[in-house]
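Protein chains in written order, with the working numbering: chain A, 72 to 261; chain B, 13 to 133.
Below: the structure, in structure tokens.
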Amino acid sequence: MEAYILMALLLLLTIVTIAIVFQRSLFAVVILAGIYSFLMATAMIVLDAVDVAMTEAAVGAGVATVFFLASLHLTRAREYPRPRAVWLPLFVAGVVGAALIGGTYDLPLFGSAASPIHQHIAPHYLNESMGETGVPNVVTAVLADYRSIDTLGETTVIFTAGIGIMVLLRGRRRRRGEDKDDVDPGARET
Amino acid sequence: MSVIEQFVSHHNYYVTILLMVSGLYIVIASGNMIKKLVGLSLFQTSVYLLYLSPAKIVGGTAPILDEKFQVYSNPLPHVLILTAIVVGIATISLGLAIVVRIYEVYGTIEEDEIFSSDGEI
Numbered sequence: 072m073e074a075y076i077l078m079a080l081l082l083l084l085t086i087v088t089i090a091i092v093f094q095r096s097l098f099a100v101v102i103l104a105g106i107y108s109f110l111m112a113t114a115m116i117v118l119d120a121v122d123v124a125m126t127e128a129a130v131g132a133g134v135a136t137v138f139f140l141a142s143l144h145l146t147r148a149r150e151y152p153r154p155r156a157v158w159l160p161l162f163v164a165g166v167v168g169a170a171l172i173g174g175t176y177d178l179p180l181f182g183s184a185a186s187p188i189h190q191h192i193a194p195h196y197l198n199e200s201m202g203e204t205g206v207p208n209v210v211t212a213v214l215a216d217y218r219s220i221d222t223l224g225e226t227t228v229i230f231t232a233g234i235g236i237m238v239l240l241r242g243r244r245r246r247r248g249e250d251k252d253d254v255d256p257g258a259r260e261t
Numbered sequence: 013m014s015v016i017e018q019f020v021s022h023h024n025y026y027v028t029i030l031l032m033v034s035g036l037y038i039v040i041a042s043g044n045m046i047k048k049l050v051g052l053s054l055f056q057t058s059v060y061l062l063y064l065s066p067a068k069i070v071g072g073t074a075p076i077l078d079e080k081f082q083v084y085s086n087p088l089p090h091v092l093i094l095t096a097i098v099v100g101i102a103t104i105s106l107g108l109a110i111v112v113r114i115y116e117v118y119g120t121i122e123e124d125e126i127f128s129s130d131g132e133i
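Here it is in structure tokens:
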């Protein structure tokens, strides 16, 4: 049953992806990307990754869509012309896709409890995390306890990105002011 | 194992690859920078699917411990992908800030027009 629901969701994801590739109105592309993220979050629930699904729905479908719409507004972008060279990107994408499909050949079967990923460290987390951390949600226990340094690194990345965005957009209001009253542009630079 | 069984069992990997390849195609082919960033986020999101697919055990449940359940899916890929989603939004928003900055300087976000006006600025 789970496999059929997943199959239907993945089919919808495929259709939305193809629509994104061919759509040339940027507003439609951004909204389709939001739909794509919601479908992906639903597929994640079917794959038992509830925490990830919640994050993807909030961040991927919510925050990312808002950011994209904001930059569409700031750049006044509506539509864009058809790409000139199609064959080179198609060739690159085809070669990469063929190599990846070759790589799936000896992957373990979907949903099997005997596949190698479930043998090594996951049983330790599932069996011991309640006693070691006292948190029933294993994902939280791993994220905030066993791999907390990893999470610290993640926060550092967000901090750095925030600094970068602030530096890039800092002068926006000042520059716009200069455009309006072009009295003495040289004096303000110093 | 027959070819059909193999296909049904691996269909989520094929969809993952299709999403990945479409993202790659958009990044290379389209000259519009916002569309390029949408392609980049498609590529990132397909990696989430690649990580979460093997973590699933059919008949298992989400890794939140309870007496009523015995079989849980693997929690480790979930943790890694939680980190990846947050890092993904950080890179995308930084990219969008760069696009806004480019628009302020060049007045366009089309790659061709930026390259052709490079000599004038």
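Glycine included, every Cβ here is placed at the ideal spot set by N, Cα and C.
Interface residues of chain A facing residue i [CB-CB closer than 7 angstroms]
i                      : result
residue 122 of chain B : 151
residue 16 of chain B  : Going along chain A, no residue has its Cβ under 7 angstroms from residue 16 of chain B, so there is no contact; the nearest lies around 13 angstroms.
residue 91 of chain B  : 210, 213, 214, 218
CB contact below 8 angstroms: residue i versus chain B
i                      : result
residue 86 of chain A  : no
residue 218 of chain A : yes
residue 205 of chain A : no
residue 121 of chain A : yes
residue 113 of chain A : no
residue 259 of chain A : Legend: pLDDT at residue 259 of chain A = 37, less than 50; position of this residue unreliable, no value from coordinates given.
residue 254 of chain A : Note that residue 254 of chain A scores a pLDDT of 39, beneath 50, so its modelled location is shaky; the value from the coordinates is reported in the next line. Not one chain B Cβ lies under 8 angstroms of residue 254 of chain A.
residue 221 of chain A : yes
residue 126 of chain A : yes
residue 110 of chain A : no
residue 83 of chain A  : no
residue 135 of chain A : yes
residue 37 of chain A  : No answer is possible for residue 37 of chain A: it lies beyond the span of chain A, which begins at 72 and ends at 261.
residue 102 of chain A : no
residue 131 of chain A : yes
residue 235 of chain A : yes
residue 202 of chain A : no
Spatial neighbours of residue i in its chain, beta-carbon cut-off 8 angstroms, leaving aside the 5 residues before and after
i                      : result
residue 113 of chain A : 80, 124
residue 117 of chain A : 73, 76, 77, 80
residue 111 of chain B : 45, 46, 49, 121
residue 64 of chain B  : 89, 90, 93
residue 118 of chain B : 125, 126, 129, 133
residue 110 of chain A : 80, 83, 84, 87
Proximal chain B residues relative to residue i, where beta-carbon distance stays under 7 angstroms
i                      : result
residue 157 of chain A : 41
residue 195 of chain A : Under the 7 angstroms cutoff, chain B gives no residues; its nearest Cβ is about 10 angstroms from residue 195 of chain A.
residue 225 of chain A : 95, 98, 99
Close-in-space but distant-in-sequence residues of the same chain around residue i (CB under 7 angstroms, 5 per side omitted)
i                      : result
residue 143 of chain A : 97, 98, 101
residue 198 of chain A : none
residue 146 of chain A : none
Cutoff 8 angstroms: residue i Cβ touching any chain A Cβ
i                      : result
residue 126 of chain B : no
residue 26 of chain B  : yes
residue 54 of chain B  : yes
residue 65 of chain B  : yes
residue 118 of chain B : no
residue 130 of chain B : no
residue 80 of chain B  : no
Chain B contact residues for residue i, given Cβ-Cβ distances below 9 angstroms
i                      : result
residue 93 of chain A  : None at all; the shortest Cβ gap to chain B is about 10 angstroms.
residue 105 of chain A : Within 9 angstroms Cβ-Cβ: nothing; residue 105 of chain A doesn't reach chain B, min ~10 angstroms.
Interface residues of chain A facing residue i [CB-CB closer than 8 angstroms]
i                      : result
residue 134 of chain B : Because residue 134 of chain B is not part of the residues shown, which for chain B are 13 to 133, the question remains open.
residue 60 of chain B  : 111, 115, 123, 127
residue 48 of chain B  : Neighbours of residue 48 of chain B on chain A: none; closest Cβ ~10 angstroms, over 8 angstroms.
Proximal residues of chain A, C-beta to C-beta of residue i below 9 angstroms
i                      : result
residue 115 of chain B : 142, 145, 146, 147, 148
residue 68 of chain B  : 73, 77, 117, 118, 119, 120, 181, 182
Per-residue contacts from residue i into chain B (C-beta, under 8 angstroms)
i                      : result
residue 164 of chain A : 33, 34, 36, 37, 40
residue 98 of chain A  : Those within 8 angstroms of residue 98 of chain A in chain B number zero; the least Cβ separation is about 10 angstroms.
residue 232 of chain A : 102, 103, 105, 106
Nonlocal neighbours in the same chain, by C-beta distance under 6 angstroms from residue i, ignoring five residues either side
i                      : result
residue 200 of chain A : 209, 212
residue 100 of chain B : 56
residue 260 of chain A : In this prediction, residue 260 of chain A has a pLDDT of 35, which is less than 50 and means its spatial position is unreliable; what the coordinates show is noted afterwards. Closer than 6 angstroms at the Cβ level, and outside the excluded window around residue 260 of chain A, lies no residue.
residue 193 of chain A : none
### Message
To test your reading of the DSSP string, which unbroken beta strand (DSSP E) runs of 3 or more residues are found completely within the stretch 125-160 of chain A?
### Response
none
### Whole beta strand (DSSP E) elements within the stretch 171-251 of chain A, 3-residue minimum
none
#### Entry: Secondary structure, alpha helix (DSSP H): runs of 4+ residues fully inside the stretch 50-130 of chain B
87-118, 123-128
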